[in-house]
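K.L.:
Got a structure for you, written out below as structure tokens; questions coming shortly.
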Amino acid sequence: MPVDALNLDRLDLAILRELQRDARASLNDISAKVGLTASPCWTRIKRMEESGVIEGYTVRLNPEKVGYRDIVIVQVTLDSHSDEALERFGRELELIPEVQEAFLVSGEYDYYLRIAVTDTRDYERLLREKLYKIPGIRHSKSSIVLRQLKRGELPLSSR
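If you read the sequence shown in my numbering, its first letter stands for residue 157, the second for the next number, and so on.
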């Protein structure tokens, strides 16, 4: 766990674990669980927000309950690996809201994409109208997720 450079101690990590579990937890609840009073707990949270350790707060939605019944993992190979091509591809992906995550990876493919769609017809539409219109894609391979087995949090330990 690369936290040494950030100088996070066991209390910081405990606070982060609590926030990962429930970002809506009250300051009093977090403070009680980590063994601090509210004021020093708040100071630590603000420091971690300002330093970028905490990037923001969000809500985790159930994709199926809001109409996204299928998740597709797409592996993509580009024609070129120039900085310009990689940056252009990344900018184009930003314009496709169904692309939930994109990873530049080593190995046989250049990118792994996690895409949320309503069904296979919606995925076909996304391919034709959006993904395959991005210049420079040489090859892609799609896998439809049958079931998500784990949805994790970062493994923060107090070493």
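Each residue gets a CB set at the ideal place from its N, CA and C atoms; glycine is no exception.
(1) Within the chosen definition, does the stretch 290-299 reach the stretch 218-231 through at least 3 CB pairs nearer than 8 Å?
(2) Determine the burial state of Asp-266: buried for a count of at least 16 other Cβ atoms within 10 Å of its Cβ, exposed for fewer.
(3) Under 9 Å between the Cβ atoms of Glu-211 and Val-190?
(4) Does the stretch 197-204 touch the stretch 169-186, meaning 3 or more C-beta pairs lie closer than 8 Å?
(5) By DSSP, does Glu-285 sit in helix, in strand, or in coil?
(6) From Val-215, Ala-241, Pro-196, Leu-167, pick the residue whose C-alpha is nearest to that of Pro-291; which is it?
(7) Taking DSSP's pairing of strands, which residues face His-295 in a bridge?
P.N.:
In short, the structure shows the following:
(1) yes
(2) Start at 1 with the first residue of the sequence shown, and residue 266 comes out as number 110. Asp-266 should be labelled buried.
(3) Residue 211 sits at position 55 when you count from the first residue of the sequence shown. Residue 190 sits at position 34 when you count from the first residue of the sequence shown. No. Outside cutoff.
(4) yes
(5) Here residue 285 refers to the residue found at position 129 when the sequence shown is read from its first residue. In the structure shown, Glu-285 sits in a helix (DSSP, three-state: H, G or I).
(6) Taking the sequence shown and counting its residues from 1, one reaches residue 291 at position 135. Ranking the options by Cα distance to Pro-291, first place goes to Ala-241.
(7) Counting from one through the sequence shown, the residue named residue 295 turns up at place 139. DSSP, once it has assigned bridges, lists Thr-233 as partnering His-295.
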